[in-house]
Amino acid sequence: MEDARKGIKISGDVGDHPDEYYNRNALPVLKDVVIKNIWGERVQQPGLIHGLKNAPFTGICLSNIHLRGANGPRNLPWQCSDVKGAAVQVSPWPCSQLTSHQQTGACSSSF
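Just so you know, we're using the working numbering here: the sequence shown kicks off at 1 and counts up by one.
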């Protein structure tokens, strides 16, 4: 990818519901997601992964991801909340919730 605002975006709260009768207690489960082999140039923010407070995203695996920023002060770091996972061969290095570089869990089967 080239000239992108965000390289990767996964967000659990999109602020929209089908109608007023939706079940407020029903929460999505997002786990064991593998994202790999992504390259980018002039990417303003490498990634944003926001799970839900009562339903965090787990088992996220980032592998072989290289997202170079644009020249200048507008580059932003990774942003993560309510997420757990691992990262192998990722640059720039992701947020602390995804910094396990052990090839276990979701990342062990992605190679």
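Note that beta-carbon positions come from the ideal geometry of N, C-alpha and C, so glycine has one too.
Measure the alpha-carbon distance for W93 versus N25 and round it to whole angstroms. By 1-based counting over the sequence shown, the position of residue 93 is 93. By 1-based counting over the sequence shown, the position of residue 25 is 25. If I take the Cα positions, the gap works out to 35 Å.
L98 and G85 closer than 8 Å at C-beta: Start at 1 with the first residue of the sequence shown, and residue 98 comes out as number 98. Start at 1 with the first residue of the sequence shown, and residue 85 comes out as number 85. Against a cut-off of 8 Å, the Cβ pair of G85 and L98 comes out as a contact.
Taking V33 as the reference, give the member of C61, D3, G40 and P46 with the closest Cα. Counting from one through the sequence shown, the residue named residue 33 turns up at place 33. Ranking the options by Cα distance to V33, first place goes to C61.
Taking C-beta to C-beta, are N64 and N37 nearer than 8 Å? Start at 1 with the first residue of the sequence shown, and residue 64 comes out as number 64. Start at 1 with the first residue of the sequence shown, and residue 37 comes out as number 37. Closer than 8 Å, so yes.
Classification of Q45 by the beta-carbon crowding that lies within 10 angstroms, buried from 16 upward: Taking the first residue of the sequence shown as 1, we reach residue 45 at position 45. With 16 or more other Cβ atoms within 10 Å, it is buried.
Which residues share a DSSP beta bridge with S11? Within the sequence shown, residue 11 is the residue found at index 11, counting from 1. Answer is H50, bridged to S11.
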